[in-house]
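A.B. asks:
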Amino acid sequence: MAEGSMAVAPVPMEGHGSYNRSSRVQAAGSSPALPLLEHAARMVTLPMTPAPIVIADYGASEGRNSLVPMRAAIAALRERVGAERAISVIHTDLPDSDFTALFQLLASNPDSYTRLDPAAFASAVGRSFYQQILPSNSVTLGWSSWAVQWLSCVPATIPDQLQVACSSDSAARAAFARQADEDWRSFLVHRGREMHAGARLVVLTMARDDAGDFGYRLLLQAMYATLLDLVEERLVRAEEAHRMVIPTIGRMRAEFDAPFAHDGHFAGLLIEHLDVFNGEDQVWLEFERNRDADAFGAQWAAFSRASVFPTLAAELEGGRSDPRAGTFVQRMEEGLAKRLAAAPERMQIPLAKMVLTKGES
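Each residue of the sequence shown is one higher than the one before, starting from 5 at the first, in this note's numbering.
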C-alpha cells in the first residue's frame with residue numbers, strides 16, 4: 005500500500021436533488037443536536053447593529069437537512085432581536101455541489117426560512133471548509149451536520165474494504181487516523197478565525213463509540229460484497245475497485261478532545277458541550293412497523309447512492325464521466341438493496357454532538 009498516494013479532493017454528493025430525496029438518515033440523526041443549536045442562538049454574543057447576524061451552515065449539500073436547523077436558529081435569534089434585524093445565512097459546501105438544487109429548495113419549499121422571514125437572506129460559498137472560507141471575525145452562529153466526518157483527501161488505499169473502520173490493514177488505519185487528526189485541527193483553526201468573540205458553533209458528525217465501533221457494519225459489508233460482484237462480472241476492473249475508498253472517519257471522544265488537551269483551548273475555541281451517543285435508525289423503525297424488507301434495503305441503498313456512490317464512481321478510469329458510471333451506480337444500488345433486504349438488521353449509528361465557543365476578547 006502506497007501511503008499518501010491517493011491525496012485527491014473529495015467528491016460532492018449526487019446532484020439534481022438526489023441527496024435531498026435520500027437523506028432521511030442524516031435528517032433523523034441531526035434532530036438530537038437541534039436543542040443545542042437553539043440554546044446557542046439564545047446565548048451567543050451578537051454583533052453591534054447595524055451589522056447583520058451571520059449564520060454559517062458548513063456542509064449544506066443540497067439544503068434539505070438545513071431547512072429545520074436554520075429555521076430553528078433564526079426563530080431563537082428573533083426572540084432576542086425582533087423581526088427587523090438582518091440575518092445572513094451562508095450555506096457552504098464543495099465547489100461542485102449542486103447549489104442550484106439548494107436555491108430551488110429555498111425558493112419553493114413552504115418551510116424555507118427565506119419564505120417565512122423577509123429579513124433572512126441566503127447566500128452560498130463553494131469552497132472546502134478545510135480552509136478559511138468566510139471573513140475573519142464575521143460568524144455569529146455556526147452549524148455543521150454530517151460533514152466533518154468527510155476527510156479533505158484520501159490518505160491511503162484500503163486493501164480489504166471500502167471503509168477504513170472495517171479494515172484489518174493497520175497501515176491504512178494509521179494513515180486515516182493521522183489524516184483525521186490533521187483535518188479536525190484544520191477545521192477548528194479556520195472556524196476559530198471566522199467566528200467573532202462569543203460566537204458558537206454546533207457540530208453533529210459521525211463518531212465511534214467508547215468501544216471504538218463505527219457502526220453500519222451490515223451496510224458496509226454488503227456494499228463491499230456488491231462491489232466485488234461487479235469486479236467478477238467485469239463491469240469494474242480490479243485496479244479501479246482497489247482505488248475505491250469512502251473517505252469518512254468516525255472519531256472517538258478522545259480524538260475530538262485531543263487538540264484541546266493542553267489547557268482546554270485551541271485556536272481560540274473551547275468545547276462547551278460534547279456528547280457521543282447512538283443515533284436512531286429510522287429505516288429500521290419503519291421496518292419494525294411494516295415488515296417490508298424490500299423497502300428497508302431500498303432506503304439504505306438510496307442513502308448510499310446519494311452520499312457515497314459518486315465518490316466510488318470517481319475512481320473508474322474515466323471518473324464520473326466514464327461511460328460505465330451510470331450503470332455502475334445503478335448496479336451498486338440494486339445489489340446493495342437486495343443484500344440488505346435478505347437480512348434486515350438495525351444499524352448502529354454512533355454520532356457526536358458538540359458546541360464550540362470562541363472566547364470573549
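Virtual Cβ for every residue (Gly too), placed ideally from N, Cα, C.
Just so you know, these numbers come straight off a predicted model, no measurement behind them.
1. Could you tell me the alpha carbon to alpha carbon distance between M358 and V72, rounded to whole angstroms?
2. Does DSSP classify G63 as helix, strand or coil?
3. With respect to the beta strand (DSSP E) encompassing N282, which residues constitute its N-terminal and C-terminal limits?
4. Are the CB atoms of L344 and W304 nearer to each other than 8 Å?
5. Just list the residues that DSSP pairs F180 with in beta bridges.
6. With three or more C-beta pairs closer than 8 Å as the rule, is the stretch 85 to 99 touching the stretch 117 to 124?
7. Going by the CB atoms, is the gap between W147 and V58 shorter than 8 Å?
8. Got a sec, what are the start and stop residues for the alpha helix (DSSP H) D298 sits in?
9. Is D61 near the ligand ATP, in the sense that its beta carbon is under 7 Å from a heavy atom of that ligand?
10. Could you check whether the stretch 216 to 234 touches the stretch 97 to 104, counting it as contact only if at least three pairs of C-beta atoms, one from each stretch, sit closer than 8 Å?
11. Thinking C-beta only, is R255 closer than 8 Å to W188?
12. I'd like the list of long-range same chain contacts for V312, defined as Cβ closer than 6 Å, with 5 residues on each side in sequence excluded.
13. Is the beta carbon of Q167 less than 8 Å from the beta carbon of T209?
14. How many angstroms separate the CA atom of L223 from the CA atom of L340?
15. Closer than 6 Å by C-beta to V280: which residues in its own chain qualify, once you throw out the five before and the five after it? Chain order, please.
16. In this structure, what does DSSP give as the bridge partners for F125?
17. By Cβ distance below 8 Å, which residues in the same chain neighbour L38 in space, the five residues on each side in sequence not counted?
18. Spatial neighbours of G67 within its chain, please: C-beta separation below 6 Å, excluding the five flanking residues on both sides.
19. Alpha carbon to alpha carbon, what distance is there between H266 and G330?
20. Can you grab the Cα-Cα spacing for the pair V287 / F300, in whole Å?
21. Would you list the residues sitting across from L222 in a DSSP beta bridge?
22. Let's see if you can read the secondary structure: which residues bound the beta strand (DSSP E) around T144?
23. Taking the alpha helix (DSSP H) that T118 belongs to, which residues open and close that run?
24. Measure the alpha-carbon distance for I353 versus N282 and round it to whole angstroms.
25. Would L98 and I91 be called neighbours here (beta carbons separated by less than 8 Å)?
26. Where do the ends of the alpha helix (DSSP H) carrying T209 lie?
27. Just tell me which of R295, E337, L360 has its CA closest to the CA of P348.
28. Looking at C-alpha atoms only, which residue of G363, H277, A310 is the closest neighbour of A271?
29. Thinking C-alpha only, which one of R204, D217, Q136, Y134 is nearest C170?
30. Closer than 7 Å by C-beta to P51: which residues in its own chain qualify, once you throw out the five before and the five after it? Chain order, please.
31. Output needed for N141: all residues of its chain with C-beta closer than 6 Å, excluding positions within five of it in sequence on either side, in chain order.
C.D. replies: Looking at the atomic coordinates:
1. So the alpha carbons of these two residues sit roughly 18 Å apart.
2. It is coil, neither helix nor strand.
3. 273 to 283
4. Their beta carbons are under 8 Å apart, which means L344 touches W304 by this criterion.
5. Paired residue(s): none; F180 is not in a bridge.
6. yes
7. no
8. 297 to 311
9. The ligand ATP is absent from the structure shown, which contains no ligands of any kind.
10. Because the criterion of three Cβ pairs below 8 Å is not met, the stretch 216 to 234 and the stretch 97 to 104 do not touch.
11. yes
12. So the qualifying residues of the chain are I250.
13. Result no, Cβ atoms of Q167 and T209 do not sit closer than 8 Å.
14. 8 Å
15. Apart from the 5 residues on each side of it in sequence, V280 sits with its Cβ closer than 6 Å to the Cβ of A211, R257, A356 in its chain, given in chain order.
16. S92
17. V72, P73, A76
18. L106, L109
19. 49 Å
20. 6 Å
21. L222 pairs with nothing; no bridge assigned.
22. Its beta strand (DSSP E) spans residues 143 to 149.
23. 117 to 120
24. 5 Å
25. A distance of 8 Å or more separates the beta carbons of L98 and I91.
26. Run containing T209: none in the alpha helix (DSSP H); it sits in the beta strand (DSSP E), 199 to 210.
27. R295
28. In terms of CA proximity to A271, G363 leads the group G363, H277, A310.
29. Ranking the options by Cα distance to C170, first place goes to D217.
30. Closer than 7 Å at the Cβ level, and outside the excluded window around P51, lie I57, T144, H200.
31. H200
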